[in-house]
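In the numbering used here, the protein residues as written are 1 to 250. All C-beta atoms in this analysis are idealised placements derived from N, C-alpha and C, irrespective of residue type, glycine included. What follows is a set of notes on a single structure, which appears directly below.
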Amino acid sequence: ALAIYGREVFAVSRTSILWIIALGTIAYPMGRLLNYTGLRLAGVGRAEPILAGAPLVAVGLSLLVGGESINLPIALGILSVISGVVLIVTQKNHQAMQPTESPKKGLLQNQVLVGSLAAMLAAICYGSSQFLARQIVKNQNLPSLVVATFALLTGLVILAIISQNNLRANYRAPRKAFLLMTLAGFAAAAGVAFNYTALSLAPVVVVAPVSAASPLVSLALANLFLQRLERITLRIWIGAALVVAGVILV
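Here it is, written out as structure tokens:
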């Protein structure tokens with residue numbers, strides 16, 4: 001952002017800064033933490049399709065606060081998403097998360113339920129942040145990359161404060177783990193920048209459903225690389241398809 005916009009980065013008003021701090025807090029310390037908690041406890045196969053419901057929150061806020069009207073495709077999309085989430089959450093644990101070796105005792109019903117709930121709360125945070133980002137780039141007239149930079153910086157500072165006691169222990173993590181975290185960070189940052197750019201050019205009801213394609217990518221990668229950790233069942237694939245179809249209709 002500094003390289004592209006120069007001094008304009010430091011010309012952001014205090015009001016805009018406060019809105020961006022709120023955006024960064026909802027999207028990252030809250031949304032990202034709940035997201036990763038859901039992935040860790042419930043697995044990619046359950047958590048990602050539930051997270052795909054985030055556009056419904058964004059569209060709902062647009063309808064309630066933005067004064068937009070609902071139509072038949074939106075109603076059908078909401079029904080499809082709810083049906084898909086129900087299929088995923090009610091999937092039996094030994095089918096949805098069946099490792100090749102005997103599962104640990106803690107990886108049972110309660111753990112998966114908590115992970116699914118965390119994923120739902122993350123979806124609420126992400127959907128709210130999409131709506132808020134649209135309001136900031138539209139009403140505050142700020143470049144999307146500047147908003148993304150300050151929002152990510154807010155998340156970095158808050159998460160660093162929260163996790164400072166564990167940073168020394170994390171230094172002992174394998175190099176491969178650091179590499180994967182770094183790649184995930186770059187991918188997430190790029191996604192945020194592209195998302196905010198799209199929100200600066202199109203309304204939430206157009207941008208939010210497009211982001212629903214992410215669960216298909218996650219499920220495909222999990223099916224390729226995480227077969228030893230979790231098994232993606234037909235029921236979860238059907239639920240994911242319903243979620244994606246629903247948000248596309250919305």
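Does the beta-carbon of residue i have 16 or more other beta-carbons within 10 angstroms, so that it is buried, or is it exposed?
i    : result
T154 : buried
L33  : buried
H94  : No answer about H94 holds up, because its pLDDT of 45 lies below 50 and its placement is not dependable.
R14  : exposed
P209 : buried
N195 : buried
I162 : exposed
P284 : Outside the shown range of the chain (1 to 250) lies residue 284, about which nothing can therefore be said.
R134 : buried
A177 : exposed
N71  : exposed
R46  : buried
Leaving out the 5 sequence neighbours to the left and right, which residues in its chain are closer than 6 Å to residue i when beta-carbon positions are compared?
i    : result
L61  : F131
Q164 : none
T197 : S144
Y28  : G155
Y126 : G31, A54
L159 : P29
V207 : A198, L199
For residue i, collect the residues of the same chain with a Cβ closer than 7 Å to its Cβ; drop the 5 residues on either side in sequence, then sort them by chain order.
i    : result
S128 : I26, V57, L61
E68  : S62, V205
A189 : L152
Q111 : L41
I124 : V57
Quick one: what's got a C-beta closer than 8 Å to residue i's C-beta in the same chain, skipping five residues either side?
i    : result
L242 : S80, V81, S83, G84, L87
A193 : S144, L145, A148
S252 : Beyond the ends of the chain as shown, which are 1 and 250, falls residue 252; an answer cannot be given.
Between the stretch 11-29 and the stretch 131-143, can you find at least three pairs of beta-carbon atoms closer than 8 Å? yes
What runs of the alpha helix (DSSP H), each 4 residues or longer, lie entirely inside the stretch 171-202? 175-201
Scan the stretch 53-82 and note each continuous alpha helix (DSSP H) run of 4 residues or more that stays entirely inside, going in chain order. 54-64
Stretch-stretch touch, CB-based, cutoff 8 Å, three pairs: the stretch 37-54 with the stretch 109-125: yes
At 4 residues or longer, and completely inside the stretch 9-55: list those alpha helix (DSSP H) runs for me, N to C. Taking only runs of at least 4 residues, the alpha helix (DSSP H) segments lying wholly in the stretch 9-55 are 14-25, 31-42, 44-51.
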